[in-house]
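Here the structure comes first, spelled out in structure tokens, and everything after it is commentary.
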Amino acid sequence: MRFHVPLFSLFFVASCVAQEVKVTPTEELRTTVHEWVETMQKIQTEENDWGRDQEVLQNYREGLEKEITDLKEQIAAAKTRKDGADQESLDKSKERDRYAKAKDDLATIVRGLEEKLAPKLRTFPKPLLEEPKVAQGIEDFQRDYALPADKRGENVSKRLLNVINLLTEAEKFQQAVHLRAELHQDTQGREFNMQVIYFGLAQAYAVNDDGSFALVGRPTSDGWKFEEHKELAADIQQLVASTTGDQDAAFVNLPFSKP
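Numbering (mature numbering (1 follows the signal peptide of the UniProt record, and there is no 0)), first residue to last: -18 to -1, 1 to 241.
See below:
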């Protein structure tokens, strides 16, 4: 079923509604002012919030700038330390190289001294060889001299000191006259107690107690060799007596041969 409303009725209703919602100028002004106040309050609130946010951001920016500055300083300091460490490492490396070269050079020098000393040890007379300090030094020297090539860089300082000590003892013996009691044999194998006078490392003269047997000794490449010289027995006895103080010093003419 359809309903039909007259057009006049609709117009009447619309007019009534329009009259009910009509606003006066005063109310409209009040509404406008209220809205303006609310808008200004919102603007002020937003400005306050923005000010606080801006302050926070400013503090954050300053903190970041300081942190960046600190990091730059730390990076610069680290670079300086690295450069210094690199230079120090380079200096230490050069120092190690110099030390290694000096050690190798010293090892070469010591080996050269050992090679020169080795044949000279055969010229050391018996009393010098029997001195405890020399005997121990020669034992150590022979052990060091036998080192293989790859071991000759070891104990260089100790070996050098040993060579110096042996040469020092030899020099001390060379600068004095030494009288020793020794046993020697003649060509027939008979053994005699003899007084032997060593003139350093150059020559030696020996005679037995009764003057019936005399020897002259000198160093050779195979060690000391003594030869019989019975004709020199009396002169050697006189030399021994002068050395011990049993008689006044006197000039004694004895043969001397260069080693």
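Heads up, the beta-carbon is just placed ideally off N, CA and C, and yes, glycines get one too.
Secondary structure of Leu95 (DSSP, three-state): helix. Contact annotation, Leu183 with Phe155: C-beta distance approximately 6 Å; criterion of less than 8 Å satisfied. When the beta-carbon positions are compared, Arg134 and Arg93 come within less than 7 Å of each other. CA-CA distance, Gln185 to Ala131, rounds to 37 Å. The alpha-carbon of Gly45 is positioned some 39 Å away from that of Val19. Per DSSP, the unbroken beta strand (DSSP E) holding Lys207 starts and ends at Gly205 to Glu210. Contact between the segment 110 to 118 and the segment 74 to 89 is absent: fewer than three C-beta pairs spanning the two stretches fall below 8 Å.
Per DSSP, Leu161 lies in no alpha helix (DSSP H); the unbroken beta strand (DSSP E) holding it starts and ends at Val159 to Gln167. Pairing Pro7 with His16, the inter-Cα distance amounts to about 14 Å. Contact between Glu173 and Leu165 holds: CB atoms are separated by about 6 Å, below the 8 Å threshold. In this structure, the straight-line span from the alpha carbon of Thr21 to that of Ile50 is close to 42 Å. Between Leu143 and Phe195, the alpha-carbon positions lie close to 42 Å from each other. DSSP, reduced to helix, strand and coil, places Asn190 within a strand of the structure shown. Per DSSP, Thr202 is one residue of the beta strand (DSSP E) stretching across Ala196 to Thr202. Per DSSP, the unbroken alpha helix (DSSP H) holding Asn144 starts and ends at Val138 to Gln156.
With fewer than 16 neighbouring CB atoms inside 10 Å of its own CB, Ala158 falls in the exposed class.
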